[in-house]
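Novice: There's a structure below that I have some questions on.
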Amino acid sequence: MSTASLSLFVMLVPWVVRALSPVRSTNGVPLPRVVHAVHHLPPSKKRVLIVGDIHGCLHELLELLKAAEFDAREDELVLVGDLVNKGPMSAQVVGWARERGVLCVRGNHDDAALSALRRSGKWASRAPPPSYEYVHDLTAADVAFLEQLPYTLALPDLGVLVVHAGVVPGRPLAEQHLQDLFKMRNVAPATSAPDAPLVACERDVDGSKPWASTYGGELGHVVFGHDAKRGLQRETFATGLDTGCCYGGMLTALILPQHRLISSPALRTYEQPGGGKGPH
């Protein structure tokens, strides 16, 4: 290969990579400008509060912040995604977070809300159910906020990676499948070979394990949500914060750098696991 040809090849590689990379989520929603975000803490911030799945439970979020003595001047607030669905105040949670510049990663329900609004993905051929009516209460600014939620957020000052669902152990961040990042719960060997790589599973399957229990810390300490069935998960290199607030459980936050947990109880049960509505 001539020098000129090699130079042209090097110039074209980034364009080829971008062309082959997905531009939409599996729900047909455009990807954010920054898929894997990095945030360096300002010197004024003394603590970081990372909050689990809110699911429209704004009152519980405000009570949790009150209990944590949250002060926006000195504390950074980070949400693990799933701001919406199931609870009573989905649009209000989005607006509240957007107006305050809260850091957040994309959850599967946030992506589904955008899909319902765009009538893409599984909603392309049928109308979303009534539980998605709140999407019409989202302002244009709210929608833009949701559209730009990254899939992961690195906090290098703390050695932390925030993601909604999880990561596949042993796989570099750039090689993680985007859908896995907001849908996985388990991992299982790809084949029966002793050294088979792990693949993500959304549900329990034979031979699968909770991904956090097998993760070795190669991407930092991962803080995640998405797994209300297992509840609070505390592993050496990962902390799971989905404690089922919308199901009548708790809303939980991890306070860093102290690694202290704090929870606030749900005001009531808004939905039963599996989709049934709770008592009013």
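Just so we're aligned: the sequence shown equals residues -19 to -1, 1 to 261 in mature numbering (1 follows the signal peptide of the UniProt record, and there is no 0).
For glycine and all other residues, C-beta sits at the position ideal for the given N, C-alpha and C.
What is the DSSP secondary structure of E80, counted as helix, strand or coil?
Specialist: If DSSP states are grouped into helix, strand and coil, E80 belongs with the helices.
Novice: Given this structure, state the Cα-to-Cα distance separating V148 from L136, to the nearest angstrom.
Specialist: Cα to Cα, the separation comes out at about 16 Å.
Novice: Output needed for P13: all residues of its chain with C-beta closer than 8 Å, excluding positions within five of it in sequence on either side, in chain order.
Specialist: The answer, listed in chain order, is R87, E128, Q129, L130, P131, Y132.
Novice: Is the beta carbon of A70 sitting closer than 9 Å to the one on G33?
Specialist: Note that residue 70 is Met in the sequence shown, not Ala. It is not a contact, given that the beta carbons lie outside the stated cut-off.
Novice: By the DSSP assignment, the beta strand (DSSP E) with F51 in it spans what residues?
Specialist: Segment: none, F51 is in no beta strand (DSSP E) and carries neither H nor E.
Novice: Could you spell out where the alpha helix (DSSP H) holding Q214 opens and where it closes?
Specialist: That residue, Q214, is in no alpha helix (DSSP H); its beta strand (DSSP E) goes 214 to 216.
Novice: Could you tell me the alpha carbon to alpha carbon distance between G197 and L154, rounded to whole angstroms?
Specialist: Distance between the alpha carbons of G197 and L154: 14 Å.
Novice: Going by the DSSP bridge assignment, what does A181 pair with across the sheet?
Specialist: Paired residue(s): V168.
Novice: To which residues does DSSP link R152 through a beta bridge?
Specialist: Note: R152 sits in no beta bridge, so no partner.
Novice: On a Cα-Cα basis, can you pick out the residue from S96, L200, T172, C226 that is closest to R211?
Specialist: Residue C226 is the option with its Cα nearest to R211.
Novice: Comparing alpha-carbon positions, which option in Q239, G230, G221 lies nearest P246?
Specialist: That would be G230, whose Cα lies nearest to the Cα of P246.
Novice: Between N167 and the rest of its own chain, which residues show a CB-CB distance below 8 Å, the 5 nearest in sequence each way excluded?
Specialist: Once the five neighbours on either side are set aside, the close Cβ partners of N167 are A181, C182, E183, R184, D185, V186, S189, K190, P191, W192.
Novice: Just to confirm, is the Cβ distance from V10 to L84 under 9 Å?
Specialist: Not closer than 9 Å, so no.
Novice: Return helix, strand or coil for T224, following the three-state DSSP convention.
Specialist: It is coil, neither helix nor strand.
Novice: Do you know how far the Cα of H40 is from the Cα of R249?
Specialist: The straight-line gap from Cα to Cα measures roughly 11 Å.
Novice: Which value, in whole angstroms, describes the spacing of the CA atoms of A97 and I31?
Specialist: Their Cα atoms are separated by approximately 27 Å.
Novice: Do the segment 200 to 209 and the segment 55 to 66 make contact, defined as three or more Cβ pairs closer than 8 Å?
Specialist: Touching, yes.
Novice: For D123 versus S6, is the C-beta distance shorter than 9 Å?
Specialist: No, the pair does not count as a contact, with Cβ atoms beyond the cut-off.
Novice: Leaving out five residues on either side along the sequence, give the residues of the same chain with a beta carbon under 8 Å from the beta carbon of D161.
Specialist: Correct list, in chain order: A146, G147, V148, V149, A181.
Novice: How is the alpha helix (DSSP H) around S6 delimited, first residue to last?
Specialist: First-last for S6: undefined, no H or E at that position.
Novice: Out of L232, E156, Y113, L45, state which residue places its alpha-carbon closest to the alpha-carbon of V16.
Specialist: Cα-wise, what sits closest to V16 is E156.
Novice: CA-CA distance, I243 and H158?
Specialist: So the two alpha carbons sit approximately 31 Å from each other.
Novice: Beta-carbon within less than 8 Å of P260's beta-carbon, same chain only, minus the 5 sequence neighbours each way: which residues are those?
Specialist: In this predicted model, P260 has a pLDDT of only 42, less than 50, meaning its place in the structure is not dependable; the value taken from the coordinates is given anyway. Cβ neighbours of P260 beyond the five flanking positions: R249, T250.
Novice: Does V116 come out as helix, strand or coil in the three-state DSSP assignment?
Specialist: It is helical.
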